[in-house]
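K.L.:
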Amino acid sequence: MPPPLPRRVLPSYRQQCLYIHPSRHFSSSTRLGASAGMQRRVVAGGGKAQMSPRGSMAREGMEIPNDIGIMPATFIRPTGTNKPSLFKTPGERFSLEYNWARTKMQDLFSRVYYKYWLRKGKPRPRLDSRQLAPLAKDLHQQMYKAFAAGDTATLSTICCSGLLATLSARLSHRSPSTSVSWTLLSHLQKPRLVSNRATVLPFPGLKASGMRQAVVKIRSRQALVTLTAAQARKALASKLASLRARQEAGETDTSLAKQIQELETLQREGTKRGGAGAAPVVGRMARVVMDEEGGERVEKEVTEYMVLQRRMLDGVEEDWMVWGFVEETTPERWRDEERKVKEAMVYQQSQAQGA
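Under the numbering used here, think of the first position of the sequence shown as 113, with each following residue one higher.
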């Protein structure tokens, strides 16, 4: 079994999106170390606890990292100004296109190995490549809405540990009297799968363990509204006055009366509560009055490369989760990536010779 790769920390790239996420390299993740509180699986009817694959590693004093970074040599074909000119720098452009084609073939082989040889027996793992872009589209909205609402319970079920820690840290610095609402206004183009890879995970004591990572390009127009409690109450009063004016003008829509009643109830709750207790009410107000004046509103066209991750541990596949975001592969980044991969290979060879 090859020794673990050396720890490295890549510089964080700023992502052109409303929420900024750092990229983390595959080998800069947490190594296997002492575990605490590993999960157990209870066998129904037997009354006897059976250790899960995580539990078997816990007996050895090991833990399974949820986030082990982006796979080495992940290639995101550049666009626009990130792509070298065919006329000004033809050599650099040819090199980039060659490496893109080469990594596509390597990615194909990695998926074939994952499907047919990683786990013995049937049923074989389903690749479901056509479902990855729609899945990323759904998880993208779930993640941003949960983060805006401060819903850490949802984030913990769909985000890997590194991304979850980043989002949780930002939520801890958000004022309890401030609320954020996020809305996807439109998709500028259909989400597209741009990278689809697999690799073997050499965890001690676990057979048939691997991981898949898929990168989906999402171009969208998003809106982010930040409201304080005072701004939310003011905007709510304005919206309520507008609805009452429509009612007084003779509009008889039954949904209008119901909406007025709901807003009046929300307004009374917001008046009674204050401080930290106002946060849930302010959040509901913000969602209601998002299109009204007041608060800080940011609209932006965003191109994001969302990374999805799925693990197989001891032959059992887990659900897809959001790992984070990456950027396009420029010639400079690819040269840096190749250098780091070579350093890792030299390290592995030296460790193997010394073993």
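Quick reminder that beta carbons are idealized off the backbone N, C-alpha and C, glycines included.
Everything numeric in this text was worked out from a predicted model, so none of it was measured.
Rounded to whole angstroms, what's the CA-CA distance from Ala265 to Ala258? Just pull it up for me.
P.N.:
9 Å
K.L.:
Using the Cβ count rule (16 or more neighbours within 10 Å means buried), how would you classify Val410?
P.N.:
exposed
K.L.:
Can you round the beta-carbon distance between Val438 and Tyr417 to whole angstroms, since I take them to be within the 8 Å contact cut?
P.N.:
5 Å
K.L.:
Classify Ala344 as buried or exposed, calling it buried when 16 or more other Cβ atoms lie within 10 Å of its own Cβ.
P.N.:
Note on Ala344: 16 or more other CB atoms within 10 angstroms of its CB, so buried under the neighbour-count rule.
K.L.:
Indicate the three-state DSSP secondary structure (helix, strand or coil) for His299 in the structure shown.
P.N.:
strand
K.L.:
With a threshold of 8 Å, are at least 3 pairs of Cβ atoms found where one atom belongs to the stretch 278 to 287 and the other to the stretch 306 to 321?
P.N.:
no
K.L.:
May I ask which residues mark the beginning and end of the alpha helix (DSSP H) holding Ser268?
P.N.:
264 to 270
K.L.:
Checking 8 Å against the spacing of the C-beta atoms, do Ile182 and Gln373 come in under that value?
P.N.:
With respect to the 8 Å criterion, Ile182 and Gln373 are not classified as neighbours on the basis of their beta carbons.
K.L.:
Using only alpha-carbon positions, find the residue among Pro184, Asn178, Ile176, Ile180 that is nearest to Glu455.
P.N.:
Pro184
K.L.:
With H, G and I counted as helix, E and B as strand and the rest as coil, what does DSSP make of Glu439?
P.N.:
coil
K.L.:
Whether or not the stretch 222 to 242 and the stretch 315 to 331 are in contact is what I'm after, with contact meaning three or more pairs of Cβ atoms, one per stretch, closer than 8 Å; do they touch?
P.N.:
yes
K.L.:
How many Å lie between Gly436 and His252 at the Cα?
P.N.:
Going by C-alpha positions, Gly436 is about 10 Å away from His252.
K.L.:
What distance in whole Å lies between the Cβ atoms of Thr191 and Glu56, which are believed to be in contact at a cut-off of 8 Å?
P.N.:
For residue 56 there is no data in the structure shown, the boundaries of the chain being 113 and 467.
K.L.:
Do the stretch 212 to 221 and the stretch 311 to 320 meet, that is, are 3 or more Cβ pairs less than 8 Å apart?
P.N.:
no
K.L.:
Around the Cβ of Gly54, are there at least 16 other Cβ atoms within 10 angstroms (buried) or fewer (exposed)?
P.N.:
Any question about residue 54 goes unanswered here, given that the chain covers just 113 to 467.
K.L.:
Considering only residues of the same chain and omitting the five flanking positions on each side of Leu239, which have a CB-CB separation below 7 Å?
P.N.:
Here the set comprises Arg223, Lys227.
K.L.:
Give me the Cα-Cα distance between Glu471 and Leu297, rounded to the nearest whole angstrom.
P.N.:
Outside the displayed range of the chain (113 to 467) lies residue 471, so it cannot be described from this structure.
K.L.:
Under three-state DSSP, which class holds Ala361?
P.N.:
coil
K.L.:
State yes or no: is the C-beta of Leu244 within less than 8 Å of the C-beta of Leu420?
P.N.:
yes
K.L.:
Assuming contact is defined by CB atoms lying nearer than 8 Å, are Pro303 and Ala349 in contact in what I supplied?
P.N.:
no
K.L.:
Name the DSSP beta bridge partners of Ser307, please?
P.N.:
Val327
K.L.:
Just to confirm my understanding: we take Met457, look at its own chain, exclude 5 residues before and 5 after, and list those with CB closer than 6 Å. What are they?
P.N.:
none
K.L.:
Specify the secondary structure class of Thr290 as computed by DSSP and reduced to three states.
P.N.:
strand
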